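Residue numbers (the working numbering): 304 to 1067.
Ideal Cβ placement from N, Cα and C applies to all residues, glycine included.
Note that this is a predicted model, so its numbers are computed, not measured.
Written below as structure tokens is the structure these notes are about.
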Amino acid sequence: MKDILDDFKEDLEFLLQAGERRKIEERRQHAKKAASSVDVHDFPDLLHIQSYLYRPGVKAEPESGVAPSEDETPLTVESLIPREESEPPNLSDVWDECVLADSAGPSETGHYEMADPLPEPLRETPTESPDRPVSVSFSDSEPPAPAPPISASPEKPDDRPAVQQEPAPRSAEPRPEAPIEAPEREPVHYTPKKKDEPPAWKKLWTSMQGHSLIGVDIGSHALKLVHLRKGAAGFSLSAVSCHEFEPIPEELAEAERVEKRQEQILQFLKGKFRHLDYITSALTGLEVIYRQLNLPRISKKELLEAVPWAVRKDLPYELDSAALGFEVQKTVKKGRAEKLKVGTVVAPSQLVAEHLQIYQKLGVLPAKLTAVPVAIWNVIRRDKALLQKKVLVVEIGARRSHLVFINQGVLDFHREITTAAQDFIEAIGNTIFYNLDMPQPSQAEAVTLWQTHGIPGENSEQTIDGGIKLSEIGISLRPVLERLINEIRRSIDYYREKFQVESIDCVFISGGSACVPGLQARLADMLNTQVELLNPFQIAGIKKWETHETLLTCAPRFTIAVGLAMDLSGGMNLLPVELQGMHRLHKIKKILRYSALVVAVGIGLSTAFLTLKMQQITAELSHLQTRYIKMEPVRQEFMRLKGLQDQLQQKLDLYRSKIFVNPNAVQHLRAISNLVPPSIALTSVTIAPLTSVEEGEEDAQPQKTGVEKIVLRGIAFPARALEGPNLAEFLLKLKNSGYFQSIEMVGQETQANGAIAFVINCYY
């Protein structure tokens, strides 16, 4: 009962807080409309507190030499800092005022109004401290320590302590020539290009072939593609490819490096997609955050309001400028109360827009945009055996690694760390070989050593070209390996404490560096548990993957791409709302368009066929009319003869109705004729049906009995007193023939010449 009351109290507090937050949000929106917008992107120290400083009570003063206009007040670095008496404000005071404003509403007397979520410097900045995982901020986190004050001295603007932020601002130099105004954020509009679209016949052929499920994993070192097809028996692999990016010179500016990398991506992806392919991609980076929420069981409409409020406190940026997607993973019953485990993915809208530019230039529409942990979760939950276990997947990439914790098919926790393959390669490149007169390995040589020998043992006596001992490379790699192990251990400890889990059942490693020699064994030895390589094709039950020989040795590097290709759910989608579902709608429109084309072609062909048939019928009808005119006299003669035939038929029917003709008469006569001897001649044969009348009924009609009476009349010729024996012989033949039922002599009379006249009745 206590657990039920505690759950009810927790749900009630959550709903009350949601209602209070809704009111606060309305007041914030009202304050935003009234307040002016200031863009301070050129001021790195004030980048994250811009929405708090330009409020009533902030005095804006023009710099020397710049006259303010009548419509607006020019802003400077110093004017953005509120002045109270003569002392600069402390961020700890700002924190206290923000907290008070968040709990009590808009400030009435202070210089700050809580119109926006807390800025990033006032929250916990993700660091690699030994006590907390990277990019993790939970509701039970410790409050941030007070930050050092920001100097307001105009003479030394560069003496201000730098505020840690990510990504880095554009420039730290102010531009006092003109007032600064922030341009309004334009919504992301996605319009695929049409200049590279294939012709209509090719689109029709493509749609007839069906679409592929494509997972696009754009990493920092390589780009992986996996093409799947879904049938009644499950998923099957149709194609897989990997493209290693060419190195970009470090001396280039950041914008040029991004442009170069995008060109490489576009060059590889061009022509890889068909018109109706279901494309799923993923975002990565510390700004892409996954959180699991435990919410009371509410409707889907209420979830749309509750999830943003619940996840807002864990974000280092404003939710208004971010994309959010969520999915209900499991419903848990605790007593009478039910809880929803909701997986939530959040990423900045700008990051989403930059990622979509790649597909916009390719002229295709992605179906879904999600995060790396969701892709790994899609692979693990396909294995029924792993649905009952607590699984840790360590995805080791080139620049970053991902730690994904999955508990009985539910994605509980994700952490992204910076220790990855590049750290091992740099450690190899920094190796100093003792007793050898040779330089340190170059970048290319370090990559080759890493891929070939991996993490050798520190006691190994093996040597390679030039007399290099692998044990020296192993010693150089040990600090990086220990750092990776410590991050994994801290993450496991945090996960066990946060989610009340006793132990991890399975540990998998995947990614491009998972297959290097020695890594799996060293991780298993240092973690004191069994570590397995993650083969996503085998775990997910994908067919025909063995036919690709390259996958037999490097299958773990395609884990994210496989998980993306298998992601057919609509949840945790970071695409803009106006684009979600557009792929399916676009597909339906295409199908309807081609269906209309097929119907139109069918109608056209049917019309042509009917027209041709009509012409043939018209020609035949004209020919028949000509023949009809020629055959008119014959028709008249036919009609005359037809009339005569009808008259004769009427007479014949009349005669048949009046004269009874026994159909068996011919048969009877044929039988009797074979029995009549030469000494006897028949004078008449009468055939009539035998009838009977029931006794006691005066007006009863005679009823046919089914027996026919045949009366034979004839003369037995005189033959020397043998007339009698001849007649007796005839009677005996009639009786022994078996044709008649019975024979009786009705009468006989001897004539003057000695002949005998007789009457015999035969019954058939």
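Straight across, the Cα-Cα distance linking residue 875 with residue 745 is about 42 Å.
When C-alpha distances from residue 564 are compared across 588, 529, 718 and 524, the shortest belongs to 524. Less than 9 Å divides the Cβ of residue 538 from the Cβ of residue 844. By the Cβ criterion, the stretch 683-691 is not in contact with the stretch 660-670, since fewer than three pairs of Cβ atoms, one from each stretch, lie closer than 8 Å. Closest option to residue 710, judged by alpha-carbon separation, among 684, 612 and 888: 684. In this structure residue 610 is buried. Its beta-carbon is surrounded by 16 or more other beta-carbon atoms within 10 angstroms.
The three-state secondary structure of residue 992, taken from DSSP, is strand. Here residue 594 is near residue 647, since their CB atoms are less than 9 Å apart. Membership of residue 746 in any beta strand (DSSP E) is not indicated; the residue belongs instead to the alpha helix (DSSP H) covering 746-756. In this structure, DSSP gives residue 587 a state outside helix and strand, which the three-state scheme calls coil. Burial check for residue 869: the Cβ neighbour count within 10 Å reaches 16 or more, so the residue is buried. In this structure the stretch 631-649 does not lie against the stretch 567-579, because fewer than three pairs of beta carbons, one per stretch, are closer than 8 Å.
Per DSSP, residue 877 lies in no beta strand (DSSP E) and is assigned neither H nor E. CA-CA distance, residue 1054 to residue 1028, rounds to 16 Å. Annotation: residue 588 to residue 852 spans about 32 Å, alpha carbon to alpha carbon. Remark: fewer than three beta-carbon pairs, one from each stretch, lie closer than 8 Å, so the stretch 615-623 and the stretch 689-705 are not flagged as touching. Here residue 848 has 540, 840 and 854 as same chain residues with Cβ atoms under 7 Å from its own Cβ, once five neighbours each way along the sequence are excluded. Between residue 721 and residue 676, the alpha-carbon positions lie close to 16 Å from each other. Boundaries of the alpha helix (DSSP H) harbouring residue 681: 675-683, taken from the DSSP string.
According to DSSP, residue pairing for residue 594 in a beta bridge involves 647. Shortest Cα-Cα distance from residue 1014 to any of 903, 1031 and 991 involves 991. A contact between stretches requires three or more CB pairs, one per stretch, nearer than 8 Å, and the stretch 546-563 fails this requirement with the stretch 904-923. By DSSP's assignment, residue 917 forms no beta bridge with any residue.
In the DSSP annotation of this structure, the continuous segment of the alpha helix (DSSP H) that includes residue 658 starts and ends at 652-665.
According to DSSP, residue 717 shares a beta bridge with 707. In this structure, the beta-carbon distance from residue 859 to residue 821 does not fall below 9 Å. Distance from the CA atom of residue 1022 to the CA atom of residue 948, rounded to whole angstroms, is 55 Å. With a minimum length of 4 residues, the unbroken runs of alpha helix (DSSP H) contained wholly in the stretch 903-987 fall at 935-961 and 968-976. With respect to the 9 Å criterion, residue 733 and residue 725 are not classified as neighbours on the basis of their beta carbons. Between the alpha carbons of residue 590 and residue 628 lies a distance of about 14 Å. Excluding five sequence positions before and after residue 654, the CB atoms of its chain that fall closer than 8 Å to its own CB belong to 586, 588, 590 and 591, given in chain order. With respect to the 9 Å criterion, residue 788 and residue 830 are classified as neighbours on the basis of their beta carbons. By the Cβ neighbour-count rule, residue 920 is exposed, with fewer than 16 other Cβ atoms within 10 Å of its own.
In this structure, residue 1045 keeps its C-beta atom at 9 Å or more from the C-beta atom of residue 978. If the five residues before and after residue 657 are omitted, its C-beta is found closer than 6 Å to no C-beta atom of its own chain.
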